[in-house]
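Residue numbers (UniProt numbering): 1 to 634. We put the CB at the ideal spot given by N, CA and C, even for glycine. Given the structure is predicted, the values throughout are model-derived calculations rather than measurements.
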């Protein structure tokens, strides 16, 4: 194979390649010599929260040293906790391929997940939202109703490929326009190729930080046809795969006591949330399956399991900033999957999970003394730049099962973590890149083309703070999405191979089937969990400092949809553009994405344009054109 073409779209080349006459305005970066193309809406109304009309709650922002208020000042409905048994999944693995219907309602509510009362966004009235379970080759038809008064929404099905249905990916401004207030939208897709543990969440502004999240589990299927009667996607499993008896979902989330749009506005403002611009907002607390403990308030989830049973714990970090450590006192964890990819089993004391990442671990309920054990979800502080008073990060839930000689001694919430009960075990960290290897090591193709993308943050001339990908900061189009624009021949022709800037959007285009190496160079002082929609890249290299042509290695490379790039370092992601569509590539820290740290990949856009656009997608974009609060601009 010939040497791959190398493209580096640096900040200096952005302006040279940017088409003349763009309606997006340019903002000079303070302290820099280059002019950055800042992809902004009108009046700096950043589409992920800045400039939005506040929700009318009549409540002041809370701080870390406040006490929990009652609901007496709120007319909103109380948020409910899902039933405890809803986290224990039904076994549907042997069901034939079928159409599964779901109805989700996004609304406002008043809740106190950790004992501190605040306004929230919830799905079907609960936090977290209902767990959705299906099998590979099923068709999912999910109607989402937006019951918010003055904000649009969109729901993203994290990690799912959306083969031939990129317009149902749920990324606001990219795959669809927002669902206007009071309206509904039906997502309709067949589960081809993807299986494992994931989650769904609002992909509009920072709504998911306010509680709009839920678990999504896709089981493998040995069916020969899918729900549409078409040939089924083949299932590739490891020889002698691990066995388990039941599935248990665990959502871990850092938790803020103020509404996310207020938090984001502080973060992007001239003084930051703590007086220093650029410091990410530090959360006050955290939750395990919607429950936490803050200043003596809150409650403990109590999960009753069967003794001498092997459970598959499906662990999801659905948070906004912090890494979260999961462990169970006296029980080792055996990691068997990461982001839906089966791995060679690895026994650990605990798993440290970055935002948007998932791990599946096996836990054997075989202890002979005790009967009750702490399940721990500890929000780690390694991503925080400042501390706040009275923060509560060590959150607990009770795991109980019958043992031959149960102890009557109550659990002590202040007792230190005793460890897994097996000496010599350590944690799986967020940057332990070589600790895991895929259970089925498929050949990794050589790359055809290579791009280098830099991420950083800068202050603009008006004092605002934005994230940049190769000198561009993202905001959604108004009354349009990138997918709807594919129906325009002029837009298609503007998607040049490599980086281009049609409609002020920074898009990396692969016009035909290619294997791409994307080198992500992190110029920031913090780590970033980056997520590529529609694909699951291999990690083929990583190193400190700038990438200077170091050799990349696909042998035994790990695939996952969310990869962590360390501070002042680079990672190399390799993927095949075999899934036509326009896909977001962004940092999954809510505040970074809200500040514009996002770019787009157009994979075979001409093929994607041929899929046609469902009428409801075009209709909602038309409904949103010129409407305040619908497309993210005030």
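So who's on the other strand from residue 372, going by DSSP bridges?
Numbered from its first residue, the chain shown carries residue 372 at position 372. The partner list for residue 372 (beta bridge, DSSP) reads 400.
For residue 513, which residues of its own chain have a beta-carbon under 8 Å away from its beta-carbon, when the five flanking residues on both sides are left out?
By one-based count along the chain shown, residue 513 stands at place 513. Around residue 513: 576, 577, 578, 604.
Can you find the residues in the same chain that come closer than 6 Å, C-beta to C-beta, to residue 44, ignoring five residues on each side of it along the sequence?
Against the chain shown, residue 44 aligns to sequence position 44. The pLDDT assigned to residue 44 is 30, lower than 50, so where the model puts this residue is not dependable, and the model offers no usable value.
From what residue to what residue does the alpha helix (DSSP H) around residue 605 run?
Along the chain shown, one-based indexing puts residue 605 at 605. Residue 605 -> alpha helix (DSSP H) spans 605-609.
Beta strand (DSSP E) containing residue 104: first to last residue?
Mapped onto the chain shown, residue 104 falls at position 104. Per DSSP, residue 104 belongs to the beta strand (DSSP E) from 99-111.
Which same chain residues, not among the five before or five after residue 485, have their C-beta less than 7 Å away from its C-beta?
Looking up residue 485 in the chain shown gives position 485. Cβ neighbours of residue 485 beyond the five flanking positions: 491, 503.
For residue 319 and residue 289, what's the separation of their Cα atoms in angstroms?
As a first step, residue 319 must be located in the chain shown, where it is residue number 319. As a first step, residue 289 must be located in the chain shown, where it is residue number 289. Cα to Cα, residue 319 sits roughly 12 Å from residue 289.
Between which two residues does the alpha helix (DSSP H) carrying residue 594 extend?
What you label residue 594 is simply residue 594 of the chain shown in a count that begins at 1. Residues 590-594.
Under 7 Å Cβ to Cβ from residue 419, same chain only, skipping five residues before and after it: list those, please.
Along the chain shown, one-based indexing puts residue 419 at 419. Closer than 7 Å at the Cβ level, and outside the excluded window around residue 419, lie 349.
So, at 7 Å on beta carbons, what are the nonlocal neighbours of residue 554 in its own chain, with the 5 sequence-adjacent residues on each side left out?
What you label residue 554 is simply residue 554 of the chain shown in a count that begins at 1. Closer than 7 Å at the Cβ level, and outside the excluded window around residue 554, lie 444, 538, 540, 574.
Any chance you could list the beta strand (DSSP E) runs of at least 3 consecutive residues sitting entirely within the stretch 416-472, in chain order?
Whole beta strand (DSSP E) segments, 3+ residues: 449-459, 465-469.
Please state whether DSSP places residue 342 in a helix, a strand or coil.
Counted from its first residue, the chain shown places residue 342 at position 342. The answer is strand: DSSP assigns residue 342 an E or B state.
What would DSSP say about residue 284, mapped onto helix, strand or coil?
Taking the chain shown and counting its residues from 1, one reaches residue 284 at position 284. Reduced to three states, the DSSP call for residue 284 is coil.
Starting from residue 494, trace the alpha helix (DSSP H) both ways and give me its first and last residue.
Stepping through the chain shown from its first residue, residue 494 is reached at position 494. Segment 489-494, the alpha helix (DSSP H) holding residue 494.
What does residue 545 pair with, by DSSP beta-bridge criteria?
In the chain shown, the residue the question calls residue 545 occupies position 545. Its beta-bridge partners do not exist; DSSP assigns none.
Identify every run of the beta strand (DSSP E) within the stretch 173-229, keeping only runs that are complete inside it and at least 3 residues long; order them along the chain.
184-190, 196-202, 213-219, all fully within the stretch 173-229.
Does the beta-carbon distance from residue 197 to residue 358 come in below 8 Å?
Position 197 of the chain shown, counting from 1, holds the residue named residue 197. Position 358 of the chain shown, counting from 1, holds the residue named residue 358. Yes.
If we require 3 or more residues per run, which beta strand (DSSP E) segments fall completely within the stretch 250-320?
List check, beta strand (DSSP E) in window: 285-288, 301-304, 310-317.
In this structure, does DSSP put residue 360 in helix, strand or coil?
Here residue 360 refers to the residue found at position 360 of the chain shown. Strand, per DSSP.
Is it right to say residue 507 is buried, meaning 16 or more other beta carbons lie within 10 angstroms of its own, or is it exposed?
As a working mapping, residue 507 is identified with position 507 in the chain shown. The residue is buried, with at least 16 neighbouring Cβ atoms inside 10 Å.
Return helix, strand or coil for residue 619, following the three-state DSSP convention.
Here the question's residue 619 lines up with position 619 in the chain shown. If DSSP states are grouped into helix, strand and coil, residue 619 belongs with the helices.
In or out: residue 171 buried (at least 16 other Cβ within 10 Å) or exposed?
Taking the first residue of the chain shown as 1, we reach residue 171 at position 171. With 16 or more Cβ atoms within 10 Å of its Cβ, residue 171 is classed as buried.
Could you tell me which of 239, 442, 326, 343 sits nearest to residue 317, measuring between CA atoms?
Your numbering for residue 317 matches position 317 in the chain shown. Selected option, being the one with the closest Cα: 326.
Among 396, 598, 572, which residue has its Cα nearest to the Cα of residue 582?
Residue mapping note: residue 582 aligns to position 582 of the chain shown, counting from 1. If we check each option's Cα against that of residue 582, 598 comes out closest.
Which residue wins for smallest C-alpha separation from residue 376, given the options 278, 253, 454, 476?
Here residue 376 refers to the residue found at position 376 of the chain shown. Out of 278, 253, 454, 476, 253 has the C-alpha closest to the C-alpha of residue 376.
Cα separation between residue 79 and residue 213?
Residue numbering aside, residue 79 sits at position 79 when the chain shown is read from its first letter. Residue numbering aside, residue 213 sits at position 213 when the chain shown is read from its first letter. Each residue's Cα considered, the two are about 13 Å apart.
Which residues in the same chain have their Cβ closer than 6 Å to the Cβ of residue 224, if we skip the five residues on either side of it in sequence?
Within the chain shown, the letter at position 224 stands for residue 224. Same-chain partners within the cutoff: 232.
With burial defined as no fewer than 16 other Cβ atoms inside 10 Å of the residue's Cβ, what is the status of residue 283: buried or exposed?
As a working mapping, residue 283 is identified with position 283 in the chain shown. Buried, because 16 or more other Cβ atoms sit within 10 Å of the Cβ of residue 283.
Starting from the C-beta of residue 72, find all residues in its chain whose C-beta is less than 8 Å away, skip the five residues before and the five after it, and write them out in chain order.
In the chain shown, residue 72 corresponds to position 72, counting from 1. Its pLDDT being 49, under 50, residue 72 is placed unreliably in this model, and the value from its coordinates should be taken loosely. Excluding sequence neighbours, residue 72 sits near nothing in its chain.
Give a yes or no on contact between the stretch 173-183 and the stretch 610-626, applying the rule of three or more CB pairs nearer than 8 Å.
Contact between the stretch 173-183 and the stretch 610-626 is present, because at least three Cβ pairs lie under 8 Å.
Within this structure, are the beta carbons of residue 221 and residue 98 separated by less than 8 Å?
Mapped onto the chain shown, residue 221 falls at position 221. Mapped onto the chain shown, residue 98 falls at position 98. Not a contact, by the Cβ cut-off of 8 Å.
Roughly how many angstroms separate the alpha carbons of residue 60 and residue 239, rounded to a whole number?
What you label residue 60 is simply residue 60 of the chain shown in a count that begins at 1. What you label residue 239 is simply residue 239 of the chain shown in a count that begins at 1. In this prediction, residue 60 scores a pLDDT of 30, lower than 50, which makes its location untrustworthy; no coordinate-derived value is stated.
Taking the alpha-carbon positions, what's the residue 315 to residue 250 distance?
Within the chain shown, the letter at position 315 stands for residue 315. Within the chain shown, the letter at position 250 stands for residue 250. Looking at the two C-alpha atoms, the distance is approximately 5 Å.
Following the continuous alpha helix (DSSP H) through residue 483, name the residue where it begins and the one where it ends.
Translated into positions along the chain shown, residue 483 becomes position 483. Unbroken alpha helix (DSSP H) run through residue 483: 482-485.
Return yes when the Cβ of residue 184 is within less than 8 Å of the Cβ of residue 155, no when it is not.
Mapped onto the chain shown, residue 155 falls at position 155. Mapped onto the chain shown, residue 184 falls at position 184. It is not a contact, given that the beta carbons lie outside the stated cut-off.
From 481, 429, 477, pick the residue whose C-alpha is nearest to that of residue 566; which is it?
Translated into positions along the chain shown, residue 566 becomes position 566. Closest option to residue 566, Cα to Cα, is 429.
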